[in-house]
Amino acid sequence: MIRTFLRGLLLIALAVTFPAEAATRYWALQGVVFADGRTAAGSFGYDDTTNQVTTWNIRVQGGSGYQPFTYLPGNSVPVNGGVGITGGFVYFFEFTAMEGTGGERRLWLSVKLRLDGAVSSQPLYLVDPLAPLGYYYAYERKPGAEPDRKIVAGSIDLVPFPPPVGLVDVIEFYHAGLGHYFMSSDPPEIAGLDTGYFPGWTRTGESFKAYATGSSAGATMNPVCRYFKWPVGGVTTHFYSANGYECWLVDDLFGAEWVIESDNVFQIDLPDMATGACPGGTVPVYRLWNGVLPTNHRYTTSLAVRANMIALGWVPEGYGPIGVAMCAVP
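Everything in the sequence shown is counted per the working numbering, starting at 75 for the first residue and increasing by one.
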């Protein structure tokens, strides 16, 4: 593929000396639109002393072909440098998620000038008209799902601060008539459950804390996807995961039955996938499955609740020997 070939030939390091006063600056995506109507929003931090992307939280959604997705430090890796174009080169910032899997995603952003504070806004859609087939330097790619989604409008603008850190309460509800559990961090939805707009649901008293969608991302932060299952016998259910690959698998394997409602209902840490250990200072969230139809999952931070559900025949899921699905804020 010509794009891959050119990138391999022309990738160059940014061996440039920056001013001593340089520091991390934060850049927000403004009005970014893809050719298929997809949009991107969010920001990233860039330290022009070390020439490194330091943090990022970029969400792409809408359009056609790809599921919505949020690039965060817990699920993606940044690379930045320069790439040649006719008569010069551009600076690029690429974010790769789930590399080497069927769910791999790559977001490529590029600008003409260094992000060193000399400019406060730059357009993102840059095209080399003399390159074979034209060469877009701002796009999202999902290998095996051609064509690339090209960015046709938008800019990155210098902003004074990263996004704020916000916390949300993830509240659990129970429906006695269905024998099903459900959790939500969305205030209007919680209000609807509390007031009976969605009848039959009551709070269990169980909850945990997570980071709000769009919060400034920590080094291990992941978005949590939420899927809705088409009714079985008139009963619906939901599924949540902080693992981007698992989110992709639900759509890839069961897309006829499960519909994604959001790629990022809240943000949270993911445990070690081998041991189930959570990062220091976080609280394990255990996932259990009822193992029957209509299917249902329960998420809890309580070992006592976990033991009780297993005694009732529920199956532990997640990572490590006891099935940790995610790691909550203490």
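Glycine residues also receive a C-beta, built at the ideal position from the N, C-alpha and C atoms. Please read these numbers as outputs of a predicted model, since none were measured by experiment.
Original post:
When you compare only the Cα positions, how much space is there between V164 and G218?
Top reply: 26 angstroms
Original post:
Just reading off the beta strand (DSSP E) that G282 is part of, what are its end residues?
Top reply: According to the sequence shown, residue 282 is Phe rather than Gly. Segment W275 to Y285, the beta strand (DSSP E) holding F282.
Subject >> Start and end residues, beta strand (DSSP E) containing Y319 >> reply: Here Y319 belongs to no beta strand (DSSP E); instead the alpha helix (DSSP H) covers G318 to F328.
Subject >> V90 in three-state terms, based on DSSP >> reply: The predicted position of V90 is uncertain, since its pLDDT is 35 and thus under 50; no value can be drawn from it.
Subject >> Under the three-state DSSP convention, the category T269 falls into >> reply: helix
Original post:
What are the complete beta strand (DSSP E) segments, minimum 3 residues, inside the stretch 172-206?
Top reply: 179-185 and 195-197
Original post:
By Cβ distance, which residues of its chain are closer than 7 angstroms to L204, with the 5 residues on each side in sequence left out?
Top reply: T160
Subject >> CA-to-CA distance, G355 to Q196, given in whole angstroms >> reply: 39 angstroms
**OP:** Measure the CB-CB distance between V127 and A114 and report whether it falls below 7 angstroms.
**Re:** no
Subject >> DSSP state of A109 mapped onto helix, strand, coil >> reply: coil
**OP:** Give a yes or no on whether the C-beta atoms belonging to Y360 and G397 are separated by under 7 angstroms.
**Re:** yes
Subject >> Stretch pair the stretch 273-282 + the stretch 248-257: three plus CB contacts closer than 8 angstroms >> reply: yes
Original post:
Going by the beta-carbon positions, is the gap between A227 and S184 smaller than 7 angstroms?
Top reply: no
Original post:
Is L362 near P390, with beta carbons less than 7 angstroms apart?
Top reply: yes
Original post:
When the Cβ atoms of the stretch 299-306 are set against those of the stretch 332-345, are three or more pairs found closer than 8 angstroms?
Top reply: yes
Original post:
Taking the Cβ atom as the reference point for each residue, do T375 and A402 lie within a distance shorter than 7 angstroms?
Top reply: yes
Subject >> Given 8 angstroms, three or more beta-carbon pairs between the stretch 287-294 and the stretch 128-138 >> reply: yes
Original post:
Under 7 angstroms, do R179 and K216 count as touching if we go by C-beta distance?
Top reply: yes
**OP:** Please name the residue in D121, D325 and F313 whose C-alpha comes closest to that of P236.
**Re:** D121
Subject >> Whole-angstrom distance between S117 and L198, CA atom to CA atom >> reply: 13 angstroms
Original post:
Anyone know if the C-beta pair for G318 and N149 falls short of 7 angstroms?
Top reply: yes
Original post:
Using CA coordinates, which residue listed in Q341, P261 and T310 is at the minimum distance from A316?
Top reply: Q341
Original post:
What's the C-alpha gap between K283 and P404?
Top reply: 7 angstroms
**OP:** Return helix, strand or coil for V379, following the three-state DSSP convention.
**Re:** helix
**OP:** For C299, write down the residues that DSSP places opposite it in a beta bridge.
**Re:** S315
**OP:** Drop a sphere of 10 angstroms on the beta-carbon of E220, count the other beta-carbons inside from all chains shown, and report buried for 16 or more, exposed for fewer.
**Re:** exposed
**OP:** Kindly list the residues whose CB is nearer than 6 angstroms to the CB of Y140, restricted to its own chain and excluding five residues on each side of it in sequence; keep chain order.
**Re:** K216
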